[in-house]
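Sequence lines, in order, name chains A and B.
Under our numbering, residues 373 to 702 are what the first sequence spells out, in order.
Under our numbering, residues 301 to 814 are what the second sequence spells out, in order.
Some notes on the structure that comes next.
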Amino acid sequence: MRADPILLPTKDGLYCPAGRFHIDPLRPVERALITHGHSDHARFGHRHVMASRQTLDIMRLRMGPDFAGATQEAMGEMRIGDVTVGFHPAGHVLGSSQIAVTQGGRRIVVSGDYTRQPNPTCLPFQPVPCDVFVTEATFGLPVFRFPDPATQIAKLMASMAEFPERPHLIGAYALGKAQHVIALLRAAGHDAPIAIHGALAGLCDYYVSQGVDLGVLVPATADEVAAQLVVAPPSAFASPWVQRFRDPVLAFASGWMAVRARARQRGVELPLIISDHVDWPMLTGTLTELAPAEVWVTHGTEEGVIRWCELAQIPARPLRLVGYEDEAEE
Amino acid sequence: MKAFAALLERLAFTPARNAKLQLLQHYLQRTPDPDRGWALAALTGELELRRVTPSLLRGLAAERIDGQLLALSYDFVGDLAETIALIWPEGAEDDPPLSQAVTLLMTTGKAGLPAAIAGMLDRLGPSERLAFLKLATGNLRIGLSARMARLALAQMGAPEVGDLEEIWHGLSPPYAPLFHWIGGGARPESAALAPFRPVMLSTPTDLDQLRALDPAEYLAEWKWDGIRVQAVAEGGVRRLYSRTGEDISHAFPDVVEAMDFDGTVDGELIVRRGGEVAPFGDLQKRLNRKAVGKALLASHPAGLRLYDLLIWQGRDLRAKPLAARRAVLEAAVLDPRIDISPLLDFGDWDGLAALRADPPAAVIEGVMIKRRDSLYVSGRPRGPWFKWKRDPMVVDAVLLYAQRGHGKRSGFHSDFTFGLWDGAELVPVGKAYFGFTDAELRELDRFVRQNTVERYGPVRALAPKLVVEVAFEGLNRSSRHKSGVAMRFPRISRIRWDKPAAEADRLAVLEAML
């Protein structure tokens, strides 16, 4: 009764036999379709890569011009082998896309990482009707209910007023989160220059070139950093770079900050719950809205999502793909 | 409730003491009565509320959330109150005053409690739900002592810490008269009998500094290695206070029983067997207990060794010179469990140095030097009283692990675990966080980064190469440490870049110091 599978989970990631391509493969392959530029999804060395123009730009920026044999910008409906593919915004980071694969009237949508929370730095998630919806489950438990990011920015501003003499260092993933946090600060009326770690400069420039307003950014590389607010990749907190700051308040912007033990493990003084993934209400809301015949769960806390689907009587199965990482655990 | 929850969250993640003080002070300044008083009581553990059990909370959650999802969530979060705070269905987000939550927990009967708690949770946001549940389970765990609370209060208004300490025990939550006083109103009447009076402290000295002084103007006595206390017996009420004003009477019923005098005296709390003062470790067994068993009272009998008196038989002697106070003290008739710290007969500073170098008992940790004409004043004035501690013990140990510090030491590895040789193995014997200069900290950090062999979260295991001289004030036997000994007040006194790790001390050297 059941048609041939459009996509198969393999050790290299999801594979489409009829189109002979992988989606976000974990190892170099012949043909790869990439949802977004985070390094666990966009890897080096595929023979042929198809992705949104912005994802291709970001891969080039992060991995150099030779990151793939050939590249192709995804536009509209495209025929690959016996299937049709389409890229649709996922709301996660600049250029992030869901990939819809259609064959014989059945459609499967691979969401990649996505969020429904409005993000001023990228296009919003676009719901695509489908038979199978492949969802992430990074925050797939009902304890994850992210607050309005504006409340977290307010918390940061309150701390800066409380400790005006202390620099505030915000750990934020270099692609997406950093620019998201900066844009949120600008939206909250913080007009002063914001210092950025060198590792963020290239991506921030790229966001600006794509029309995202980040305001005045100054380098946080000099001995004297001329800003109370500094944004850096989280790994920088463990490096000697941080030693130039006197008595800093270490903040960290991540969905994980919703859980205290996680924040404590990171040695964070100011946890900011700001995520570019779906939380529990957004995830379950998306499944309700799309009402797919089946749900596949990629990475994260699959058990929670599978249980919810069971209660909602939606067939669901975990793909148990290994190799995708938690948010900002690089 | 929002402001209290925000404060709790900040305090929970703020390691630095001064930053904690500042957060608390700002909260107390901005928050009206009685909420700030209830918050203060909750933070310092003075709030007696009905304790809500985990099983009650589980029951509430089970009515609202699928059991399997709840179990998965609890597994992930690791804390029941936090899990429930996060998972509780979102209601109308309200901001009821903290006093309302406190009143609810104080007055609701057992039968009505589940419904009352659920009703409150329905009105709160996630952060406030957690604060409320932590209050309800009596488990704030934010590391704020009453002493720190008083420091924050003193920074807010006119009263000095000493003034606050003096009336503290007569106060009860939500402390309206206290805040009235801080805001410029009248000093609250000290309602408590046998109140604490601020103690007088000494400053460190050494032989070079002493040579500038005339020895004839000073008295000297041994510095006993116990706990400095103030014992007060007034109008039939007896209380034993630590030097920061914590009431520790309940842990020392034997001492309280012996306090059959009328006055306020200053001395050292010690464990004494026969005429001998027992090591500090014996006294430690008696500390921080809610109740003491008969066996412990018999095996670790506590007593007092007096240095001074503040008030005697209704007369306040603090404005009299030390020599006069001492005369009153020496004439007092005391229970055998209380005696007087003897004066040392020394001719000049070199004579005192000789005594200090060869004390008659191991529990003596140096000498105290006090001006004969010194008045008893609160705080740590420079000049009238000196402590001249014995030289610290030292061992050469090997650095084994390092962890990054916080605040001013962000990004630096400043918390070190060190070990000594036991056969061919290095056994961890302690941790040290200070003793080095800023320049040395930078060098140590560089060493840590270049010699990391493994990482466990924030902890780095190091190649056992670097020898440090560790100074410490004493040793206790400890079953909690792998080495069997625990150092008191360890710090890194010197970095021995020159010394090969193989030449560091053996564990036996430390054991011999016990």
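Here a beta-carbon is modelled for each residue, glycine too, at the ideal position from N, C-alpha and C.
* To do: Alpha carbon to alpha carbon, how far is residue 380(B) from residue 550(B)? Give it in angstroms, no decimals.
  => The count along the second sequence starts at 1 and reaches residue 550(B) at position 250. The count along the second sequence starts at 1 and reaches residue 380(B) at position 80. Using only the alpha carbons, I get a separation of about 32 angstroms.
* Identify which residue in 674(A), 682(A), 665(A), 684(A) has its Cα closest to the Cα of residue 501(A). => Within the first sequence, residue 501(A) is the residue found at index 129, counting from 1. Cα-wise, what sits closest to residue 501(A) is 665(A).
When the Cα atoms are used, what is the spatial distance from residue 596(A) to residue 618(A)? As a working mapping, residue 596(A) is identified with position 224 in the first sequence. As a working mapping, residue 618(A) is identified with position 246 in the first sequence. Rounded to whole angstroms, residue 596(A) to residue 618(A) spans 10 angstroms at the Cα level.
_Whole angstroms are fine: how far does the CA of residue 319(B) sit from the CA of residue 760(B)?_
The residue you call residue 760(B) lines up with position 460 of the second sequence. The residue you call residue 319(B) lines up with position 19 of the second sequence. Each residue's alpha carbon lies about 27 angstroms from the other.
State yes or no: is the C-beta of residue 585(A) within less than 9 angstroms of the C-beta of residue 555(A)? Along the first sequence, read from residue 1 onward, the residue named residue 585(A) stands at position 213. Along the first sequence, read from residue 1 onward, the residue named residue 555(A) stands at position 183. Cβ distance < 9 angstroms, so residue 585(A) and residue 555(A) count as in contact.
> Just the Cα atoms here: how many angstroms apart are residue 687(B) and residue 445(B)?
Replying inline: Looking up residue 687(B) in the second sequence gives position 387. Looking up residue 445(B) in the second sequence gives position 145. In a straight line, the C-alpha of residue 687(B) is about 26 angstroms away from that of residue 445(B).
**Prompt:** Among all the DSSP beta bridges, which residues are the ones paired with residue 670(B)?
**Reply:** Taking the first residue of the second sequence as position 1, residue 670(B) is located at position 370. 519(B), 685(B), per the DSSP bridge assignment.
Starting from residue 793(B), trace the alpha helix (DSSP H) in both directions and tell me its first and last residue. By one-based count along the second sequence, residue 793(B) stands at place 493. Premise fails: residue 793(B) lies in the beta strand (DSSP E), 791-796, not in any alpha helix (DSSP H).
- Where residue 316(A) meets chain B, residues with beta-carbon distance less than 8 angstroms: This structure leaves residue 316(A) out entirely; chain A is present only between 373 and 702.
Q.
Here's the rule: buried if 16 or more other CB atoms are within 10 angstroms of the residue's CB, otherwise exposed. What is residue 431(B)?
A. What you label residue 431(B) is simply residue 131 of the second sequence in a count that begins at 1. It counts as buried.
*Establish whether the CB of residue 570(A) and some CB of chain B are separated by less than 9 angstroms.*
Looking up residue 570(A) in the first sequence gives position 198. Not one chain B Cβ lies under 9 angstroms of residue 570(A).
*Compute the Euclidean distance between the alpha carbons of residue 369(B) and residue 424(B), then round it to the nearest angstrom.*
By 1-based counting over the second sequence, the position of residue 369(B) is 69. By 1-based counting over the second sequence, the position of residue 424(B) is 124. Each residue's Cα considered, the two are about 22 angstroms apart.
> Where residue 631(B) and residue 618(B) are concerned, what is the direct C-alpha to C-alpha distance, given to the nearest angstrom?
Replying inline: Walking along the second sequence from the start, residue 631(B) turns up at place 331. Walking along the second sequence from the start, residue 618(B) turns up at place 318. Straight-line Cα distance between these residues: approximately 17 angstroms.
message = Going by DSSP, what residue range makes up the beta strand (DSSP E) through residue 388(A)?
response = Within the first sequence, residue 388(A) is the residue found at index 16, counting from 1. Here the beta strand (DSSP E) through residue 388(A) covers 385-388.
- prompt: Which chain B residues sit within Cβ distance under 9 angstroms of residue 517(A)?
  reply: As a first step, residue 517(A) must be located in the first sequence, where it is residue number 145. Going along chain B in sequence order, the residues near residue 517(A) (Cβ under 9 angstroms) are 386, 387, 390, 426.
Just the Cα atoms here: how many angstroms apart are residue 481(B) and residue 449(B)? By 1-based counting over the second sequence, the position of residue 481(B) is 181. By 1-based counting over the second sequence, the position of residue 449(B) is 149. Distance between the alpha carbons of residue 481(B) and residue 449(B) is about 16 angstroms.
I'd like to know if the stretch 743-750 of chain B and the stretch 703-717 of chain B are in contact, where contact means that at least 3 CB-CB pairs between them fall below 8 angstroms.
yes
Using a threshold of 9 angstroms, state whether the C-beta atoms of residue 529(B) and residue 581(B) are closer than that. Residue numbering aside, residue 529(B) sits at position 229 when the second sequence is read from its first letter. Residue numbering aside, residue 581(B) sits at position 281 when the second sequence is read from its first letter. No, Cβ-Cβ distance for residue 529(B) and residue 581(B) is not below 9 angstroms.
**Study point:** Contiguous alpha helix (DSSP H) assignments of at least 4 residues, all confined to the stretch 339-415 of chain B
**Key:** 354-362, 367-377, 380-387, 398-407
ask   = What first and last residue would you give for the beta strand (DSSP E) that runs through residue 461(A)?
value = As a working mapping, residue 461(A) is identified with position 89 in the first sequence. That run of the beta strand (DSSP E) goes 455-461.
- Query: Hey, does residue 377(B) have any beta-carbon neighbour from chain A nearer than 9 angstroms?
  - Reply: Within the second sequence, the letter at position 77 stands for residue 377(B). Interface residue, yes.
Count the C-beta pairs between the stretch 373-392 of chain B and the stretch 342-362 of chain B that are closer than 8 angstroms, then say yes if the count reaches three, no if not.
yes
Exercise for the section: Work out the CA separation of residue 758(B) and residue 637(A) for me, nearest whole Å. Expected result: Within the first sequence, the letter at position 265 stands for residue 637(A). Within the second sequence, the letter at position 458 stands for residue 758(B). Distance between the alpha carbons of residue 637(A) and residue 758(B): 8 angstroms.
Give the interface partners of residue 535(A) over in chain B, defined as CB-CB distance under 8 angstroms, in chain order. Numbered from its first residue, the first sequence carries residue 535(A) at position 163. Result: 319, 322.
Which residues in chain A have a C-beta closer than 8 angstroms to the C-beta of residue 312(B)? List them in chain order. Mapped onto the second sequence, residue 312(B) falls at position 12. In chain order: 632.
Review point. What does a CB cutoff of less than 7 angstroms around residue 553(A) pick up in its chain, not counting 5 residues either side in sequence?
Key: Taking the first sequence and counting its residues from 1, the one referred to as residue 553(A) is at position 181. Counting only Cβ-Cβ distances below 7 angstroms, and skipping sequence neighbours, we find 542, 544, 603, 625, 646.
What does the alpha-carbon distance come out to for the pair residue 733(B) and residue 741(B)? Numbered from 1 along the second sequence, position 433 holds the residue referred to as residue 733(B). Numbered from 1 along the second sequence, position 441 holds the residue referred to as residue 741(B). Looking at the two C-alpha atoms, the distance is approximately 10 angstroms.
Does any residue of chain B bring its CB to less than 9 angstroms from the CB of residue 657(A)?
The residue given as residue 657(A) occupies position 285 in the first sequence. Taking Cβ atoms only, chain B never reaches closer than 9 angstroms to residue 657(A), which makes this a no.
| request: Could you name each continuous beta strand (DSSP E) segment of 3 residues or more that falls completely within the stretch 533-598 of chain B, going from the start of the chain to the end? | output: 537-542, 563-573
At least 3 beta-carbon pairs within less than 8 angstroms: the stretch 507-523 of chain A vs the stretch 646-657 of chain A: yes
Starting from residue 391(A), trace the beta strand (DSSP E) both ways and give me its first and last residue. Locating residue 391(A) in the first sequence gives position 19, counting from the first residue. Looking at the DSSP string, residue 391(A) is not in any beta strand (DSSP E), and its letter there is neither H nor E.
(Q) Contact criterion: CB-CB distance below 9 angstroms. Does residue 383(B) meet it with respect to chain A? (A) Translated into positions along the second sequence, residue 383(B) becomes position 83. It does: the Cβ of residue 383(B) has a partner Cβ on chain A nearer than 9 angstroms.
key: residue 454(A) versus 465(A), 499(A), 388(A), residue with shortest Cα-Cα distance   = Position 82 of the first sequence, counted from the start, is the residue given in the question as residue 454(A). When each option's Cα is compared against that of residue 454(A), the closest is 388(A).
In angstroms, rounded to a whole number, what distance separates the CA positions of residue 398(B) and residue 339(B)? Taking the second sequence and counting its residues from 1, one reaches residue 398(B) at position 98. Taking the second sequence and counting its residues from 1, one reaches residue 339(B) at position 39. The alpha-carbon atoms of residue 398(B) and residue 339(B) are separated by roughly 8 angstroms.
Q) By DSSP, does residue 650(B) sit in helix, in strand, or in coil? A) Here residue 650(B) is taken as the residue at index 350 of the second sequence, counted from 1. Helix, per DSSP.
Could you pull the start and end residues of the alpha helix (DSSP H) that residue 326(B) belongs to?
Counting from one through the second sequence, the residue named residue 326(B) turns up at place 26. Residues 317-330.
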